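For reference, the structure is listed below as structure tokens.
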Amino acid sequence: MLNEKIYIERVQRWIELVGKVVYSQPHKLKAQYIYDAKTPIPWAEIGKHQWKPIEVGEKWADVWGCGWFKLTGKVPSIMTNAFVGVWVDVQGEACLFKNGVPYQGLTNKIDWNLQAGKYFVPLFPNSKGNEEIELLLETGANGLFGEDKKTYNLERADIVVFDQQAYDLWLDLRALFSLWEGLPANKPRKKRILHGLNQACNLWQDGRDKEACLAITKKLLSLPAEASALTAWSIGHAHIDVAWLWPLRETRRKCSRTFSTALRYIEEYPDYIFGASQAQLYQFVKEDYPELYEEIKEKVKAGKWECQGATWVESDTNIPSGESLIRQCIYGKRFFKDEFGQEINYLWLPDCFGYTGSLPQILKRSKVDTFISQKLSWNDTNTFPHHTYRWQGIDGSEVLCHFLPTNDYNFSNLPKSFIETENRYAQADISDDFLNLYGIGDGGGGPSKEHIELGLRQQNLEGVPKFKFSPAKEFIAKLRTLDFAEIPLWQGELYFELHRGTYTTQSLMKKHNRMLEQKMQLIEFLSVLTNSNTNKYLRPIWQDILMNQFHDIIPGSSIGWVYEDAKASSEKNLQKLELLEQSLISNLLTETNAHNNLVIFNSLSHERTEVIEYKVEQPVKVFIKQEELEVEYQNDSIFFTITIPAMGYQQIRLEPASKAIATPLLNSEVKLENDLLEVKFGNHGEITSILDKETNRELLADSANVLKLWEDVPNNWGAWDINHFYRETTPELPELIERRFTVKNKFKQSITQRLSIGNSEIIQTISLNHDSAVIEIENNVDWNEKHKMLRVGASPAIKTMNATSEIQFGLLERPTHKNTSWDWAKFEVLAHTFIDVSDNYHGFAVLNNCKYGHSVQDNSIEINLLRSPADVHKEADLGKHNFTYCYYPHKENLQNSDVIQKAHALNQKLVLLESDLVPMQTADSLFELSNDRVILQTVKYAETGDDIILRLYESIGSPQTLELSCKTSYKAAFECNMLEEKEQELKLANNMLQLEFKPFEIKTVRLSRG
Ligand SMILES: [Zn+2]
């Protein structure tokens, strides 16, 4: 074709023109509204409000305002025999209700590639003229992506005529033009499409002969797909972030809009199938819109609606504990089973920021064998090499993974993008199939008609993959027929080379999550210890915890409102658990002994010997039975050392001491010292020396506790990202304001120092107990920075190629060097309660009680303590923070040390309760473990029934044998999957179980009382 460029422009202009004639003859509706500035008005309360008239162009709301619109009118008689509907645009989101039930969502957000906003409500396919119209719409003054403007006007409310022929032609033209764009140059098919489009344009004649145009487009669309075309198994999808740029309350309404729209398209298009993940969203709909929920149930039963994913929400997998990830599966799978009769055996996380190496085992043992995602397509450094692959976790468990080769979970269904996908699909050599999630998402919405219409045109079309309407589970069943030996294997974590700041942003959220996880572990243990099944109190709390682990809440990437909600819910739940803890313990304390008593509880599975610091009104003596313990008295507190049995408690007696004298706080050189270590300090608050007194060896190559305030201005996505170049800037060091001893006695020494850095202040209390090499540093920070990051580093005298981080139920090694681009990209990594560098003889661990972001380069270990991204939430992280980290120079390598026990003890403090009542026994222990490499992480009541569930794991990556003694007698023991379903009976002899563990194996044991 000569002058092809000119024809292309002509065709593009014409397609736009055709689009404009689809909806015509606008006729104004009368509009009235009611309004609340903050809170949605329920359907039942509409009557309490006075309708106010509003004209098109007038403001109806400030951002986040909530309203209802009543639109009334009469179909003009000139529209007789036409397809008549209404066109509504309130600039925000809206949902048409019928008889109090959400009927269809309307929203102005359009697909990036596809102009596919939702404004049109079809009413009379063949109007008789003069029909009365009265519509009620619930409205929200926010865009699909939250606050997109400050005020919202009624933009349009018209009765319009819909031209089906023009619409069909418009969709044909768009499909063909996109196909033309995607096809390689010089293909005959490409040339013929442009020629045909131009021919059709010649026949248009102001729209008088649409049929002639359609004859050409239909012919071009009738050519069948090539024999080797891939199949795009396609399911309508609406990614609904449980909270992100909008609060939870808006998510509930997003569900009503999105899900009602999906139901209408299911009715309109017989082949259409829609899917939605996240039990939590279904739970919202069940609570708020029971009729809509019933409609969804019917469509699930009819196979038109797919419940997706096995989890409660699409959870982050970096930060939640292993037990939390298991509960995500238990709660998610159980909900879909109970409510919909659906057994879901695949995980659905298209949008999470990296995937922990513990996940394959957790999935496998929760009866989930396949994993759907795509997020690693966003990597900033390396291209992830596979789309269909086997993923092997740290223990060797494998799941089958499919990363959408569309690189998108909001796919447009445009032919050009399908052609790119087909070319990109790394496993096209062995697989004919890929999964396609299409529709508008992140803020919900789902497919528009255009998405479905484009799909219909590509079911068997030359040049593109074959579009197949299908639920994900049918695709997965097909995928699982591949020869597994041919499928590539990826081992270890799926590290996401982006969004590394989400390990740290919104640190209070992360701290609350850690506290709640620890508290739940304690309460579940106390429930079993005291024979009180508290599951019914704990379930709603677990649901809140699981919800807040959603992949935009816990990572810190949401607006401030979301964190206000999360803080309120976390604090309320912590309070409830506190009360529950006291009431459980009081169940146990039934005997009187006419003394003051302290009962000290240890919910961890190893015996703990620790220094206790306990506030008293007057000096006291401390006794275990008749044995008096050595006690120091200082700062109105007593200090003593005590040993508490594993998973048990120890009772002690307090008796007034007549002549105790407080140990004086003497002024001396400000350094910490015990039999093991001598710790010295420098001018910026740093630790300049840790001397091992046994070997007289300096343990630091350079300083520790080195606080640095870095510039933190990533190119994009401030709350999400840390760019590596922060390291090229010059950090600020703290200024030491004062430093002095605050505790100094036989059992404990503490130094408190006040530091100023940037606009912030840090008060540190650095403590060393006797008989311990753990240097504990408690921090109280008043944080007043923007676009800054506070990191603390230590440089031990150890040279290693790898550092070891604790992850869920195990350990993960990552490089301390930058040899390859894959190593380089891991400049910020995630660890749970500790990170460690060890050689064969000794090591250095950094423990924490609520932090996740770390980096290890050469021999320098850093924790990312605080960020202040000031973008999605302007005040993110400002204010007061309290956190603790510890340095633990240890003998032996990590695996032969007690680092794990020390780190867990830092996070799960001993519980002290003073009472004049005591338990029947002075000390008790629920379970005793012969091997401390195996950790009994969780002791709980079974989800159903009164059996006891134990969750144990091998913690260092070596095979282990364990003898587990139960102090209570049980009738039978069973090995279970993580859903607590019995798999095989275990031999229980004399209340003793013998268990064999593979490296990093997690075992679930069910103990039955008969
Ligand atoms: Zn998301």
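For what it's worth, the numbering used here labels the leading residue of the sequence shown as -4, then goes sequentially. Virtual Cβ for every residue (Gly too), placed ideally from N, Cα, C. Owing to the predicted nature of the structure, the values given are computational and were not obtained by experimental measurement.
Rounded C-alpha distance that separates residue i from residue j
{"i": "M74", "j": "I291", "result": "34 Å"}
{"i": "E801", "j": "R322", "result": "20 Å"}
{"i": "Q513", "j": "K506", "result": "11 Å"}
{"i": "P810", "j": "G838", "result": "16 Å"}
{"i": "I761", "j": "E681", "result": "11 Å"}
{"i": "M987", "j": "L358", "result": "29 Å"}
{"i": "W300", "j": "Y267", "result": "9 Å"}
{"i": "T604", "j": "Q613", "result": "25 Å"}
{"i": "G487", "j": "E808", "result": "9 Å"}
{"i": "N700", "j": "V787", "result": "6 Å"}
{"i": "F829", "j": "E664", "result": "31 Å"}
{"i": "F429", "j": "S407", "result": "15 Å"}
{"i": "T416", "j": "T956", "result": "49 Å"}
{"i": "S920", "j": "Y965", "result": "15 Å"}
{"i": "Q621", "j": "I930", "result": "33 Å"}
{"i": "G952", "j": "N891", "result": "11 Å"}
{"i": "H885", "j": "I770", "result": "11 Å"}
{"i": "A32", "j": "E262", "result": "35 Å"}
{"i": "K473", "j": "A480", "result": "16 Å"}
{"i": "L174", "j": "V156", "result": "30 Å"}
{"i": "Q275", "j": "V308", "result": "6 Å"}
{"i": "A792", "j": "D697", "result": "8 Å"}
{"i": "F1009", "j": "I746", "result": "For residue 1009 there is no data in the structure shown, the boundaries of the chain being -4 and 1005."}
{"i": "I970", "j": "Q932", "result": "The sequence given here places Glu at residue 970; Ile does not occur at that position. Rounded to whole angstroms, E970 to Q932 spans 16 Å at the Cα level."}
Any non-hydrogen atom of ligand 1 closer than 7 Å to residue i Cβ
{"i": "D716", "result": "no"}
{"i": "D311", "result": "no"}
{"i": "H546", "result": "yes"}
{"i": "D437", "result": "yes"}
{"i": "D31", "result": "no"}
Test item: CB-CB of residue i and residue j under 8 Å
{"i": "S552", "j": "A714", "result": "yes"}
{"i": "V594", "j": "E650", "result": "no"}
{"i": "P442", "j": "A224", "result": "no"}
{"i": "H679", "j": "L763", "result": "no"}
{"i": "N597", "j": "G555", "result": "no"}
{"i": "L243", "j": "D560", "result": "yes"}
{"i": "A195", "j": "E457", "result": "no"}
{"i": "M796", "j": "H812", "result": "yes"}
{"i": "G794", "j": "N854", "result": "The question names Gly, but residue 794 in the sequence shown is Lys. It is a contact, given that the beta carbons lie within the stated cut-off."}
{"i": "L1002", "j": "K362", "result": "no"}
{"i": "L198", "j": "Q160", "result": "no"}
{"i": "I389", "j": "S412", "result": "no"}
{"i": "N568", "j": "S527", "result": "no"}
{"i": "Y558", "j": "L484", "result": "no"}
{"i": "N148", "j": "G52", "result": "yes"}
{"i": "E129", "j": "T67", "result": "yes"}
{"i": "L660", "j": "K739", "result": "yes"}
{"i": "L599", "j": "A900", "result": "yes"}
{"i": "S1074", "j": "N402", "result": "Nothing about residue 1074 can be reported from this structure: the residues present for the chain run from -4 to 1005 only."}
Is it true that the region 979 to 988 meets the region 928 to 944, where meeting means three or more beta-carbon pairs spaced less than 8 Å apart? Three or more Cβ pairs closer than 8 Å define a contact, and the region 979 to 988 falls short of that threshold against the region 928 to 944.
Cβ contact (3+ pairs, closer than 8 Å) linking the region 562 to 580 and the region 336 to 353: no
Decide yes or no for the touch test of the region 787 to 804 against the region 715 to 734: beta carbon pairs closer than 8 Å, at least 3 of them. no
Any residue whose CB is nearer than 5 Å to a heavy atom belonging to ligand 1, listed in chain order: D236, D346
Flag this pair as touching only if the region 544 to 551 and the region 310 to 320 have three or more C-beta atom pairs under 8 Å; answer yes or no. Below 8 Å, enough C-beta pairs join the region 544 to 551 and the region 310 to 320 to call them touching: three or more.
Quick one: any contact between the region 56 to 67 and the region 136 to 146, if contact means 3 or more CB pairs under 8 Å? Pairwise C-beta distances place the region 56 to 67 in contact with the region 136 to 146, as three or more of them are shorter than 8 Å.
Segment contact, 8 Å Cβ cut-off, at least three pairs: the region 4 to 16 with the region 186 to 193: yes
Using 8 Å as the Cβ pair cut-off and three pairs as the minimum, do the region 118 to 130 and the region 63 to 79 touch? yes
Can at least three beta-carbon pairs, one atom from the region 445 to 452 and one from the region 166 to 175, be found at a separation below 8 Å? yes
Would you check if there are 3 or more beta carbon pairs closer than 8 Å linking the region 424 to 440 to the region 229 to 249? Taking a cut-off of 8 Å on C-beta distances, the region 424 to 440 touches the region 229 to 249, as three or more cross pairs fall below it.
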